[in-house]
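Here is the structure we will look at.
Residue numbers (this note's numbering): 221 to 424.
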């Protein structure tokens with residue numbers, strides 16, 4: 221009888237010890253979880269000094285804004301690359317800025333257009349190129365985009381409207397003065413660049 225009582229007490233002691241251990245682990249896990257959430261939340265707080273007085277400013281979640289930033293980045297690159305005037309220094313300046321936003325596929329297309337005399341034709345014909353963005357579609361899981369726009373080429377003799385469709389992928393990189401969105405376009409291809417309208421101008 222005494223032995224049975226001892227065994228019962230031992231089992232009870234083991235049960236209580238195990239329960240206490242599990243409870244302690246659960247409390248630690250819950251505390252760690254809430255501590256992590258508090259730290260993560262505090263990292264979204266930015267304090268701005270105004271005359272040495274700290275003012276709380278809210279940092280927005282970057283991922284919430286990322287699709288808008290991706291579209292703005294794609295739009296900016298295409299505008300720099302295709303909106304041109306008959307000024308060789310201005311075109312070089314535009315291309316230099318555009319190349320900060322894209323990988324080597326941008327330079328490849330630039331060199332290809334240069335070899336075909338595209339930029340020389342702009343200078344010789346005094347053409348003004350203006351790109352108007354229609355839309356930029358995104359596949360966020362794949363970081364894939366497709367750009368739709370219309371390119372207006374205003375020459376002395378005519379005005380040409382072209383349909384421009386390109387595609388590529390987007391890669392996150394550190395932000396900089398030359399790349400404020402922190403995005404790099406990769407695998408860029410032109411899918412369509414065809415005339416939609418060609419209106420002759422009166423030359424007399």
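Cβ coordinates follow ideal geometry from the N, Cα and C atoms, glycine included. All values reported here derive from a predicted model rather than from experimental measurement.
In the three-state DSSP reduction, residue 388 falls in the strand class (E or B). The alpha-carbon of residue 402 is positioned some 51 Å away from that of residue 238.
In this structure, 298 is the residue among 392, 310, 298, 253 with its C-alpha nearest to the C-alpha of residue 366. Less than 9 Å divides the Cβ of residue 409 from the Cβ of residue 325. Shown here for residue 327: same chain residues with a beta carbon closer than 8 Å to its own, the five before and five after excluded, namely 319 in chain order. Close CB contacts of residue 340 within its chain, under the 7 Å cut and outside five residues either way in sequence, are absent. Between the alpha carbons of residue 369 and residue 246 lies a gap of roughly 57 Å. Going by C-alpha positions, residue 420 is about 44 Å away from residue 396.
Per DSSP, the unbroken alpha helix (DSSP H) holding residue 341 starts and ends at 338-345.
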